[in-house]
Structure formats: structure tokens, C-alpha cells
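Sequence lines, in order, name chains B and U.
Note that the working numbering numbers the first sequence so that position 167 is 170, with each residue one more than the last.
Note that the working numbering numbers the second sequence so that position 275 is 791, with each residue one more than the last.
Glycine included, every Cβ here is placed at the ideal spot set by N, Cα and C.
What you are looking at is a predicted structure, and each value in this text was computed from that prediction instead of being measured.
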Amino acid sequence: MEWFNDFWSTYSTLVFSVGVHALLALSIWLTLSCGLLSLANAAFMGIGAYVSALLTLQLGWSFPAVLLAGGLAPALVALIIGAPVLRLSGVYLAMATLAFGEVVRITVLNLEITGGPEGLNGIPLLTEGWHIALILALTLYGLARLRRSKVGRAFEAIKEDEVAARLMGIDVDRYKLLAFVLGAVIAGVAGALNAHFTFFISPREYGFENAVDIITMAVLGGTANLIGPVLGASIITLLPELLRSLHDFRSFVNGAVLVLVVLFLPKGIWDPRRFRGWLQRVKGGRA
Amino acid sequence: MLEQQLLNALTLGSVYALFALGFTLVFGVLAVINLSHGAVFMVGSYAALALVTHFDAPLWLAILGAMLISGTIGLLVDVLILKPLRARNAPHLIPMIATIGVGIMLTSAAQGMFGAEVLRFPEETLPAGEFIVGNVHVRALELAIVAIAFILMAVLFTLIKRTQLGRALRAIAESPKAAWLLGINVEGLFHVTSFVAAALGGVAGVLIGLDFNAITPQMGQPILHKGIAVIILGGMGDIRGALIGGLFLGFAEVISKAYLSSQMGDAVAFGLLFLILLVRPSGLFGRKLERKA
Numbered sequence: 004m005e006w007f008n009d010f011w012s013t014y015s016t017l018v019f020s021v022g023v024h025a026l027l028a029l030s031i032w033l034t035l036s037c038g039l040l041s042l043a044n045a046a047f048m049g050i051g052a053y054v055s056a057l058l059t060l061q062l063g064w065s066f067p068a069v070l071l072a073g074g075l076a077p078a079l080v081a082l083i084i085g086a087p088v089l090r091l092s093g094v095y096l097a098m099a100t101l102a103f104g105e106v107v108r109i110t111v112l113n114l115e116i117t118g119g120p121e122g123l124n125g126i127p128l129l130t131e132g133w134h135i136a137l138i139l140a141l142t143l144y145g146l147a148r149l150r151r152s153k154v155g156r157a158f159e160a161i162k163e164d165e166v167a168a169r170l171m172g173i174d175v176d177r178y179k180l181l182a183f184v185l186g187a188v189i190a191g192v193a194g195a196l197n198a199h200f201t202f203f204i205s206p207r208e209y210g211f212e213n214a215v216d217i218i219t220m221a222v223l224g225g226t227a228n229l230i231g232p233v234l235g236a237s238i239i240t241l242l243p244e245l246l247r248s249l250h251d252f253r254s255f256v257n258g259a260v261l262v263l264v265v266l267f268l269p270k271g272i273w274d275p276r277r278f279r280g281w282l283q284r285v286k287g288g289r290a
Numbered sequence: 517m518l519e520q521q522l523l524n525a526l527t528l529g530s531v532y533a534l535f536a537l538g539f540t541l542v543f544g545v546l547a548v549i550n551l552s553h554g555a556v557f558m559v560g561s562y563a564a565l566a567l568v569t570h571f572d573a574p575l576w577l578a579i580l581g582a583m584l585i586s587g588t589i590g591l592l593v594d595v596l597i598l599k600p601l602r603a604r605n606a607p608h609l610i611p612m613i614a615t616i617g618v619g620i621m622l623t624s625a626a627q628g629m630f631g632a633e634v635l636r637f638p639e640e641t642l643p644a645g646e647f648i649v650g651n652v653h654v655r656a657l658e659l660a661i662v663a664i665a666f667i668l669m670a671v672l673f674t675l676i677k678r679t680q681l682g683r684a685l686r687a688i689a690e691s692p693k694a695a696w697l698l699g700i701n702v703e704g705l706f707h708v709t710s711f712v713a714a715a716l717g718g719v720a721g722v723l724i725g726l727d728f729n730a731i732t733p734q735m736g737q738p739i740l741h742k743g744i745a746v747i748i749l750g751g752m753g754d755i756r757g758a759l760i761g762g763l764f765l766g767f768a769e770v771i772s773k774a775y776l777s778s779q780m781g782d783a784v785a786f787g788l789l790f791l792i793l794l795v796r797p798s799g800l801f802g803r804k805l806e807r808k809a
């Protein structure tokens, strides 16, 4: 077990990050699965992180209660802004949610209680590996069940053709709001988990770049099923570490990988249809 | 004091407008949110600096050179990345992510070549004159920036409103397919648009680099956010809107920084933006645009 301890002491933060990023990628997968291109998830993560960290620091709530609050606070915000924002679609929704993210970031930057630009320091390290593993597993299970449920099928119908879905009697606005709020819950819990293992949070971590990172993880991995976002999150998190030996060119290669994947793997890295195609070719070769 | 602030606002606003014009042009014609536009802006700045310091080029030549270099990058991005994506009809999220990758590559390349520290134009290369009108100090540099920005914008407007090329571009913005059926060389004009837009972004980079005299690899990021704000404000793909929106943002920023706190100014700007999006999703000057996906 010695090697494991060594490994864990060096890389535990990295493993934690993979888990948190996977949750974030799944949160945006959920909204995408309903056809919503929402880029508010970094802001929701920030709201979850700040609310939970403040509850721990100021009121000394227990960790489970803090996590719950970290999920519910952004859900409440999503509920409030959802009705007006979700009237928009496509690129306009993306822009509106980005602008919302900036509003959140700048608000946090200027509030007294959030510590302004210095952020919050000295958040107790309460998150343990199994917390993240458990919540990720629960989220995956929940989303897998959701996909096969009436709700999941309604999401898919809305994604494919909103007008047709509405004509079939699906309450499009309600389901969109549901996807938006559930996405906010997952992102908020991810933020709460993140805040309690990084010791320190600041508004810089929840801005435009992070919003873009999250969507990148999901699209890079592939959005056909739940494996894609998790895979994409792992790659985006681990790639900079794997490329450490390249020093200055690290982020250059990072960018190049992004471009190449988009160019040559249209449906993301995890694309079941492509795999099936390969399988058939192998079979065809034998016959 | 107010007059001085208004001059600063005009300088900043005209550069924002120039930047946003390229951004909105690509969105209007190619229907792509080009998130590498900020990095191209940064490249323009470094290109001019390198021409001035390493090749002793005069400033006007450096500006032309920077246009050419950044324009070429825009052209390459279109030919190598956006064209194959168009060919396979990728949903609009995909080209956006590809341009994120391009932005990362350009930023880290600049950092590798020039380092992460702040670079400056040598003092003697900047136009030095300064004169006083009423109680306003006018730097020749500011005057040059405003002049260059407005001349370029005037050229672009004439190009788009008065020439055959402009008519073709507007036809493509309406519908690329219909334009193609009418015999317009759609692919060729996509390339031209990408070149022109990136060249405008590059010039904006040089002008901001001159105005603040500070160039860093990260300088493209904040202006990208502002570019997004401007094209939302002005209506996405709307050229006139980008001009008015850019000037408006310049004024809003300078005035709120002078009379409110520097940070809350940004919050007010983006809060306003958020409200505009809720009330008028197509922007203040946008038309119709509720196309079905």
C-alpha cells in the first residue's frame, strides 16, 4: 500500500478535481440534453461554493447540511432567472447566461461578506475522496435513470424539435426549467465539494473561462451518453499534468488537442455510433 | 474634468467599436462566435511591437504589418478549421469550441515567444505631440487612434453598403444557401470576411497597445468579454450596432470608473446587458431574428 499512499499524497487534489469537473460536465450535459445551450454553470458552481463556504465558516453548519445548501442556493437562483432567460434559445441563451455569469462574478467581487477580490481563505478541508465518489456515482445513477424516464424522453423530444414536442402536449417551458434547475443543483454541489478541499476560493475561479471550460469538457468527451462528459472532464483535467514535461508549450498542445478533436472527432471522443461502426468493420473483415 | 473623460471615452470606445466590428462581421456572415478574436487582437499588438523594435519600422508601417499578420491568422483559421466544420455542417457550438482552442494556442505561442511580462513600445516611436483645447489635454496619439479607428470603420461601411462585395456579403448574411444559388462565391467571401475581421481585430490590438502602452499575452481576454457585451448590446451581426455599442461601452466604462467605483462600473454594464437580453434578445438595434434552430 506504500505506493498508493505516495500516489495519493501527490495526486489526491488532482483526483478530486477530476471528480468535481466530471460533476460539472454532467451538469451541463443535463441542460444540453434538453437542447439548452446554457453557460451559467460556472456561476452556479460559484454560488454553491460561496454559500457553502460561508455556512461552514460563519455558522459552523455540518458538512452534509452545507452540501445540501450548496445545491439548493443556485437552484433557487436558477428558478428565479429561469423563466425570463429560457425564453431565449441557441446562441442568445448562451450569451445571456454568460452575461449572468459575469454579473454573479462581479457581484461576488464587490460584496463584503465574500471577501471581495481576495476571496475566502481558510475553508476547512472537509471533502474526502469517498464523498466525491459517492456523489458522482449517485449523480450518474440518477441521470441514467432520468434518461430512461418520461422526463428524459421529454428532454430528448424538446432537443430534437421544440415545436413538435409542444404539439405532442409536452409542457416545454416546465421541462426546460426543470433541466436548468437540476443542472444548477449539480453544479452547486460540485462547487461546495470543491470549496472544501481547495482551502481557498476567489471570484476568479467562476468566470468566463471556467464557463467555457465546462462546456468544452462535455463537448470534447461527447454528449451522446453519460460516459462522454466524465471522460472529457478527466482529459481536460489531466492533460495539463500529462503535458507537464513540455513546460511552456503545455497550453499550446492543450489548445491544439482541442482543435484536433473538434476537427476529427465530430461527436466527441466517446461516440458509441463510431465504435459500432468499427465493430461492424471488424466483423465485415472476417466474413 | 468631464471633457477630459469624454475624450478618453471616445478613444476607448472607438477601439472597442473597431474590435466589435470584426467580431460581429464574423458572426453575421459566418454565423460563428469567434472566441479567438481576443487572441488575434493580442497578436496584432505583438506584431506591431516586433516590427517597431526588431525591424525599426515606422509606426504606420507597423500598423499595416500587424493588420496583414493578424488578417492572415484569421484567414488560416477559416481555411484550416472553420471550412472543414462548415463542410460537415457542424452545429454552431462546435466552431466556437474550435476557436477557443485557437485562442489558447495563440496566447501560449505569444507567451513562449515574448514572455509573460508586460512589454511596451519604445517612447520615441510614439507620436509625442500634445496640445490644449479649452481645458482638455489632447495627446496626438489619442487623436491618431480615434482617426485610424473611424477611417477604418468608414471604409468598412462604404464597402458593405456601397459595393458589389458588400451586397454579396449582406446576401450571405441573410442566407448562405440562397446567395450560393445566386452565383455568389460564398466560400471565397467567407475567407475574405475572416481576413478583414481579424485584420480589424489586430489593428484594435495595436491601438489599445499604444493607448495604454502595455502589451501582455493575456490582454485579449478582457476585450473579448467586452466584444461579446458590445455585440449583444448592438444586436448580433449588426454592423451599425457594433459601432454604437462599442462607443456606448467606452463611455459607460470611463464615466462609471470616474464617478462610481471602478469595479461596480463593470457590474452596472453587465447587469444592464443582462436586462437588455431579457427584454430585447436581439439587441437594441437588432431586427427580427427568432430563427428556428
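- Not one beta carbon of chain B lies nearer than 8 Å to the beta carbon of Met-735 (chain U).
- Here Ile-661 (chain U) really is in contact with Val-531 (chain U); their C-beta atoms are around 7 Å apart, less than 8 Å.
- Residues of chain U whose Cβ lies closer than 8 Å to the Cβ of Pro-269 (chain B) are, in chain order, Arg-604, Ala-606, Ile-610.
- For Arg-655 (chain U), the uninterrupted beta strand (DSSP E) segment begins and ends at 652 to 655.
- Contact annotation: Val-264 (chain B) and Leu-609 (chain U) have beta-carbon atoms that are not nearer than 8 Å.
- In the structure shown, the three-state DSSP call for Glu-633 (chain U) is coil.
- Per DSSP, the beta bridge partners of Val-649 (chain U) are U:Val-652.
- Pairing Ile-109 (chain B) with Leu-765 (chain U), the inter-Cα distance amounts to about 17 Å.
- One thing to note: Ala-566 (chain U) has its Cβ no nearer than 8 Å to the Cβ of Pro-733 (chain U).
- At a cut-off of 8 Å between beta carbons, Met-220 (chain B) makes no contact with chain U.
- The C-alpha of Gly-736 (chain U) lies about 18 Å from the C-alpha of Glu-208 (chain B).
- Nearest Cα to Trp-64 (chain B) within the set B:Thr-201, B:Pro-127, B:Val-106, B:Gln-283: B:Pro-127.
- One thing to note: Leu-42 (chain B) has its Cβ within 8 Å of the Cβ of Ile-218 (chain B).
- Glu-658 (chain U) counts as buried, since no fewer than 16 other beta carbons sit within 10 angstroms of its beta carbon.
- At a cut-off of 4 residues, the continuous stretches assigned as alpha helix (DSSP H) that sit fully inside the segment 651 to 731 of chain U are 656 to 678, 680 to 690, 692 to 697, 702 to 728.
- Closer than 8 Å to the CB of Val-233 (chain B) there is not a single CB belonging to chain U.
- Taking a Cβ-Cβ threshold of 9 Å, the residues of chain B close to Gly-617 (chain U) are Thr-219, Asn-257, Gly-258, Ala-259, Val-260, Leu-261, Val-262, Leu-263, Val-264, Val-265, in chain order.
- According to the DSSP assignment, Phe-202 (chain B) belongs to no alpha helix (DSSP H), since it is labelled neither H nor E.
- The beta carbons of Pro-275 (chain B) and Leu-29 (chain B) sit no closer together than 8 Å.
- Taking 8 Å as the CB threshold, Gly-787 (chain U) lines the interface with chain B.
- Contact between Gly-718 (chain U) and Val-595 (chain U) fails: their C-beta atoms lie close to 17 Å from each other, not under 8 Å.
- The shortest CA-to-CA distance from Ile-239 (chain B) to any of B:Pro-77, B:Leu-75, B:Leu-27 is the one to B:Leu-27.
- Below 8 Å, too few C-beta pairs join the segment 711 to 731 of chain U and the segment 69 to 80 of chain B to call them touching: fewer than three.
- Beta-bridge analysis with DSSP links Leu-123 (chain B) to B:Ile-204.
- Residues of chain B whose Cβ lies closer than 8 Å to the Cβ of Ala-614 (chain U) are, in chain order, Leu-261, Val-262, Val-265, Leu-266.
- For Leu-268 (chain B), there is no enclosing alpha helix (DSSP H), as DSSP gives it neither H nor E.
- A distance below 6 Å between beta-carbons, with the five flanking residues on each side excluded, links Ser-552 (chain U) to the following residues of its chain, in chain order: Thr-615, Val-618, Gly-619.
- Taking Val-184 (chain B) as reference, the option from B:Gly-22, B:Asp-9, B:Pro-67, B:Val-88 with the minimal CA-CA separation is B:Val-88.
- If you draw a straight line from the Cα of Ser-710 (chain U) to the Cα of Gln-680 (chain U), it is about 18 Å long.
- For Ser-248 (chain B), there are no neighbours in chain U by C-beta distance under 8 Å, as the nearest C-beta there is about 15 Å away.
- For Asn-213 (chain B), the enclosing alpha helix (DSSP H) has its first and last residue at 211 to 224.
- In the three-state reduction of the DSSP assignment, Thr-130 (chain B) falls in the coil class, being assigned neither a helical nor a strand state.
- DSSP, reduced to helix, strand and coil, places Asn-605 (chain U) outside both helices and strands of the structure shown, so it counts as coil.
- If you look at Gln-61 (chain B), you'll find it isn't in any alpha helix (DSSP H); DSSP assigns it neither H nor E.
- If you draw a straight line from the Cα of Ala-758 (chain U) to the Cα of Ser-55 (chain B), it comes to about 40 Å.
- In this structure Ala-227 (chain B) does not touch Lys-286 (chain B) by the C-beta definition: roughly 21 Å separates them, more than the 8 Å allowed.
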